[in-house]
Amino acid sequence: MSLIWAKGTSRPDEAIQRFSAADDVQLDRVLFRFDIQASGAHVLGLEKAGVLSAAESSSLREALKSLDAAWTNGEFELDERYEDGHSAIESYLIEKLGEVGKKVHTGRSRNDQVLVASRLYLRTSLDELKALCVTIAKTTLEVAHAEMMTPMPGYTHLQRAVPSSVGLWMAAFAEAFTDNAELAELTRKWVNKNPLGTAAGYGVNAPLERDLVSGELGFDALQINPIYAQNSRGKFEIQVIDTFAQAMLDVRRLMWDLSLYTTAEFDFVRLPDAYTTGSSIMPNKRNPDIVELLRAAYGVVEGARVELTQTLSLPSGYHRDLQNTKGPMIRAIERSKEALRLIPPLIGELQFQREKMAAAISPDMYATDIATELALGGMPFRDAYKEAARQIPEIQDRDPAESLKSRTSPGATANPLLDRIEARLSGLAD
Numbered sequence: 083m084s085l086i087w088a089k090g091t092s093r094p095d096e097a098i099q100r101f102s103a104a105d106d107v108q109l110d111r112v113l114f115r116f117d118i119q120a121s122g123a124h125v126l127g128l129e130k131a132g133v134l135s136a137a138e139s140s141s142l143r144e145a146l147k148s149l150d151a152a153w154t155n156g157e158f159e160l161d162e163r164y165e166d167g168h169s170a171i172e173s174y175l176i177e178k179l180g181e182v183g184k185k186v187h188t189g190r191s192r193n194d195q196v197l198v199a200s201r202l203y204l205r206t207s208l209d210e211l212k213a214l215c216v217t218i219a220k221t222t223l224e225v226a227h228a229e230m231m232t233p234m235p236g237y238t239h240l241q242r243a244v245p246s247s248v249g250l251w252m253a254a255f256a257e258a259f260t261d262n263a264e265l266a267e268l269t270r271k272w273v274n275k276n277p278l279g280t281a282a283g284y285g286v287n288a289p290l291e292r293d294l295v296s297g298e299l300g301f302d303a304l305q306i307n308p309i310y311a312q313n314s315r316g317k318f319e320i321q322v323i324d325t326f327a328q329a330m331l332d333v334r335r336l337m338w339d340l341s342l343y344t345t346a347e348f349d350f351v352r353l354p355d356a357y358t359t360g361s362s363i364m365p366n367k368r369n370p371d372i373v374e375l376l377r378a379a380y381g382v383v384e385g386a387r388v389e390l391t392q393t394l395s396l397p398s399g400y401h402r403d404l405q406n407t408k409g410p411m412i413r414a415i416e417r418s419k420e421a422l423r424l425i426p427p428l429i430g431e432l433q434f435q436r437e438k439m440a441a442a443i444s445p446d447m448y449a450t451d452i453a454t455e456l457a458l459g460g461m462p463f464r465d466a467y468k469e470a471a472r473q474i475p476e477i478q479d480r481d482p483a484e485s486l487k488s489r490t491s492p493g494a495t496a497n498p499l500l501d502r503i504e505a506r507l508s509g510l511a512d
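In our numbering, the protein residues as written are 83 to 512.
Encoded structure:
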């Protein structure tokens, strides 16, 4: 294992090094291109600060481009020869450029190096989250338009309550994922601050061009205080995970709905075959395994958050404990993205059992309509409520379609205001 910090005075214990490196190499594969990108900006900053000559800067940046290409094409392997991705980059530069390669780490610590790579990863992940949420919102909105007048029972307390519609159900998730996309955009602005140039957490005695580097990397601002930059490790990750958690909470609720509505007891919806599995012993089974795994994915996110908050029980400054923030961060984000990518095709291929949904709307479910009609006719609502309750045994079959057409309150089936959700989505797509 290559140790860039080794001073050559003693031989490191291999077991100790394996323990301390842990799964850093595997995790750094996710961050590697961001680390290379930030290294290139750091080199440019060193040139502008007069630490590197123009020729040295050019050769280092060209070598970093070559490393990025080799990594992308599978020609460079980040493996256990290296302690981590940072060591791999520096080793590559020294191998290619000799003495010039040894200059890349001037004014930089692995502390701010991992901070900036993680920050770039978080920013990119939030961009992906926003795009995924917009796609889910658009998909559910399409179904909402098509099925707004398709009757189904509306439930409270998991008991049949009032007539509702497939479109109203889907529009709920269209609005939810629009909110989630907006939250991703807001969180991106909050985390888009550059920690690079704070070194180990106390700055360095060199005139680093931090603003220039920030511009190169597309950051909106600096993290100014170097101690705070270190203290923000884990804090920013938690905020991003919380943002992903909002989307995954909605995924969990939607999957719960589908788990119920696809049972034989409800039989309102049929899943596409690709989202079901069979049983190893029961030939009759068609199990909603993918829906159940999507439902469970929120637990991965929440578990990661707990890991992070427990790790951050630390005083100010860098501590090696903070290495343990990478795993839960990456695990939560990558699992969430995998899950969210599966939602649009699932929604687009749902088969609605329209006759069975309409048949599940029983006469008593029109009692609220009757009470409201009486109140609009001049009867005090509390009296209308009691009168509607009295009429329940006498209610004759009503047409659920007429009930849906009568719901003109803003947001309801006859006035769903889907255009407002569409307008918000159009703004997010810009």
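Using N, Cα and C, we set each Cβ at its ideal position, and we do this for glycine too. What you are looking at is a predicted structure, and each value in this text was computed from that prediction instead of being measured.
Less than 8 Å between the beta carbons of valine 248 and methionine 234, yes or no? Note that the C-beta distance between valine 248 and methionine 234 is below 8 Å.
May I ask which residues mark the beginning and end of the beta strand (DSSP E) holding serine 247? Per DSSP, the unbroken beta strand (DSSP E) holding serine 247 starts and ends at 241–247.
Do phenylalanine 259 and asparagine 276 have their C-beta atoms closer together than 8 Å? No. Outside cutoff.
Apart from the five residues on each side of it in sequence, which residues of its chain come closer than 7 Å, Cβ to Cβ, to glycine 399? Take glycine 399, set aside five residues on each side of it, and the residues of its chain with a beta-carbon closer than 7 Å to its own are Gly283, Ile309, Gln312, in chain order.
Specify, as a first and last residue, the run of the alpha helix (DSSP H) that tyrosine 310 falls within. Start and end: 308–313.
Buried or exposed for arginine 163, going by 16 or more other Cβ atoms inside 10 Å? By the neighbour-count rule (16 or more Cβ atoms within 10 Å), arginine 163 is not buried but exposed.
Cβ neighbour criterion (16 or more within 10 Å) applied to arginine 423: Arginine 423 comes out exposed.
Given a cut-off of 8 Å, decide if leucine 142 and valine 198 are closer than it, judged by their beta-carbon atoms. For the 8 Å CB-CB criterion, valine 198 and leucine 142 do not form a contact.
DSSP three-state label for leucine 304, please. Collapsing the DSSP output to three states places leucine 304 in a strand.
Would you mind working out which of Ala131, Arg387, Thr358, Ser362 sits nearest asparagine 369, comparing C-alpha positions? Asparagine 369 has its Cα closest to that of Thr358, out of Ala131, Arg387, Thr358, Ser362.
Under the three-state reduction of DSSP, which class applies to tyrosine 237: helix, strand or coil? Secondary structure of tyrosine 237 (DSSP, three-state): strand.
Give the DSSP-derived three-state secondary structure of valine 286 in the structure shown. In this structure, DSSP gives valine 286 a state outside helix and strand, which the three-state scheme calls coil.
Assuming leucine 160 contacts alanine 170 (C-beta within less than 8 Å), just tell me the rounded distance between them. Contact flag correct, Cβ pair sits at about 5 Å.
Let me know the secondary structure DSSP gives phenylalanine 434 once reduced to three states. DSSP, read as helix, strand or coil, puts phenylalanine 434 in strand.
Here's a check: name, in chain order, each residue in its chain whose Cβ is nearer than 6 Å to the Cβ of isoleucine 372, leaving out the five neighbours to either side. The residues are Tyr357.
What residue ranges within the stretch 393–457 form continuous beta strand (DSSP E) runs of no fewer than 3 residues, ordered along the chain? Whole beta strand (DSSP E) segments, 3+ residues: zero.
Grab me the residues of phenylalanine 350's own chain with a C-beta within less than 8 Å of its C-beta, minus the 5 sequence neighbours each way, in chain order. These residues qualify, in order along the chain: Met234, Tyr343, Thr344, Phe434, Gln435, Lys438, Met439, Ala442.
Alpha-carbon spacing of glutamate 504 relative to methionine 252, whole angstroms: If you take the alpha carbons of glutamate 504 and methionine 252, they lie about 14 Å apart.
Could you give the distance in angstroms between the alpha-carbon of glutamate 455 and the alpha-carbon of leucine 265? Going by the C-alpha atoms only, they are around 40 Å apart.
Simplified DSSP state of tryptophan 87, which is helix, strand or coil: Here the model assigns tryptophan 87 a pLDDT of 48, short of 50, so the residue's position is not dependable and the matter cannot be decided.
Along the chain, where does the alpha helix (DSSP H) containing isoleucine 320 start, and where does it finish? Here the alpha helix (DSSP H) through isoleucine 320 covers 317–343.
Whose CA, out of Arg377, Arg201, Phe318, Lys212, lies closest to the CA of serine 341? Among Arg377, Arg201, Phe318, Lys212, the Cα nearest to that of serine 341 belongs to Arg377.
By DSSP's criteria, lysine 275 is part of a beta bridge. Which residues make up the other side? The partner list for lysine 275 (beta bridge, DSSP) reads Ala303.
Exposure label - tryptophan 87; buried when at least 16 CB within 10 Å: With a pLDDT of 48 at tryptophan 87, under the threshold of 50, the modelled position of that residue is not reliable, and the figure given next carries that caveat. Exposed.
Identified DSSP bridge partners for asparagine 369: DSSP lists Thr359 as partners of asparagine 369.
Are the Cβ atoms of threonine 188 and leucine 149 separated by less than 8 Å? If you check the CB distance, threonine 188 and leucine 149 do not come in under 8 Å.
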